[in-house]
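**Q** Each residue of the sequence shown is one higher than the last, beginning at 1 in UniProt numbering.
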Amino acid sequence: MSVLPAGFNPRADSVGLMDMVSIDTADGVFRFLLGADGRFVDVAAREWIGSQLIDSSELRLSIQGEAPAGSLSLTFIPDPDDGDLVAQVRALGTDYVRGREIVFWLQPLGSMAEFHAPVHAPVRWLTRRGGHIEFDLSGGLERRITLTFEGPFTGRNTAPGLQYTVADHARLIGAPNSSLRFMPTDTFQEEKLFG
Numbered sequence: 001m002s003v004l005p006a007g008f009n010p011r012a013d014s015v016g017l018m019d020m021v022s023i024d025t026a027d028g029v030f031r032f033l034l035g036a037d038g039r040f041v042d043v044a045a046r047e048w049i050g051s052q053l054i055d056s057s058e059l060r061l062s063i064q065g066e067a068p069a070g071s072l073s074l075t076f077i078p079d080p081d082d083g084d085l086v087a088q089v090r091a092l093g094t095d096y097v098r099g100r101e102i103v104f105w106l107q108p109l110g111s112m113a114e115f116h117a118p119v120h121a122p123v124r125w126l127t128r129r130g131g132h133i134e135f136d137l138s139g140g141l142e143r144r145i146t147l148t149f150e151g152p153f154t155g156r157n158t159a160p161g162l163q164y165t166v167a168d169h170a171r172l173i174g175a176p177n178s179s180l181r182f183m184p185t186d187t188f189q190e191e192k193l194f195g
């Protein structure tokens, strides 16, 4: 089974895959091209804005009990005539993106002409959840805004730390079990039952 669409030949002489990312926010979904300047409109008429200033960390799949994290960064030198982008993003806060979907896409291109008139729809190949926003102010000029993200299975490879109580049972499956109120919660015995 291939992740690429039917009719796309990955072994053709002129072929390419464009990396794209969409970020779900409180104001809607924003779409970007990773590491490429320009504007791209896909077959569904969605606009993707690109910049070489947008970079992604290494993307790894969730295998062998790992839940890999990563980040998206925008590194820039601010224009003194424009507003302060760092202050604007800080004002939005981390809740603007925390827990929301960050989706990585591949756009198959069979030729350069398909950049202006795409034939295939973008392929969704990796989904992550937004974490927090970091800011790096290097020197007097360079600024970096970093959005961290984590895999969909973060925390699932650890013990849940639940006891057999009514409240923990309700948290686990969504319905309380009132008979668990009689479950002993410690193993202390005043006198031995046997021996």
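Every residue, glycine too, gets a C-beta built ideally from N, C-alpha and C.
Excluding five sequence neighbours on each side, which residues of the same chain lie with their C-beta closer than 8 Å to the C-beta of M1?
**A** Confidence at M1 is low in this model, with a pLDDT of 42, below 50, so its placement is unreliable and the value that follows should be read with caution. Hits under 8 Å: none found.
**Q** I'd like to confirm the pairing. Which residues does DSSP put opposite L85 in its beta bridges?
**A** L85 is not bridged to any residue.
**Q** Please list the terminal residues of the continuous alpha helix (DSSP H) segment that includes D13.
**A** Segment: none, D13 is in no alpha helix (DSSP H) and carries neither H nor E.
**Q** Can you tell which of V21, E142, T148 has the C-alpha that lies nearest to the C-alpha of E134?
**A** Closest option to E134, Cα to Cα, is T148.
**Q** Which residue's Cα is closest to the Cα of D37: D95, W48, V43?
**A** It is W48.
**Q** Grouping DSSP H, G and I as helix and E and B as strand, with all else coil, what is S178?
**A** Correct three-state label for S178: helix.
**Q** Do you know how far the Cα of L59 is from the Cα of Q107?
**A** So the two alpha carbons sit approximately 16 Å from each other.
**Q** Rounded to the nearest angstrom, what separates G151 and W125 at their Cα positions?
**A** Distance between the alpha carbons of G151 and W125 is about 13 Å.
**Q** Could you check how far apart the C-beta atoms of I54 and L74 are, in whole angstroms? I think they sit under 8 Å.
**A** Contact holds; Cβ gap of about 6 Å.
**Q** By the DSSP assignment, the alpha helix (DSSP H) with D95 in it spans what residues?
**A** That residue, D95, is in no alpha helix (DSSP H); it is neither H nor E in DSSP.
**Q** In whole angstroms, what is the alpha-carbon distance linking D138 and A26?
**A** Residue identity differs from the one stated: residue 138 is Ser in this sequence, not Asp. Computed Cα separation, rounded: 29 Å.
**Q** Which of helix, strand or coil does DSSP assign to A6?
**A** Here A6 sits in coil by DSSP.
**Q** Taking 7 Å as the threshold (C-beta atoms), are R143 and P80 in contact?
**A** Contact: no.
**Q** Using alpha carbons as the reference points, say which of D84, E190, G99, G70 lies closest to S57.
**A** Measuring from the Cα of S57, the nearest candidate turns out to be G70.
**Q** Starting from V166 and walking both ways along the alpha helix (DSSP H), at which residues does that stretch end?
**A** V166 -> alpha helix (DSSP H) spans 166-173.
**Q** Give the straight-line distance between the Cα atoms of P176 and Q163, rounded to the nearest whole angstrom.
**A** Cα-Cα distance, rounded: 13 Å.
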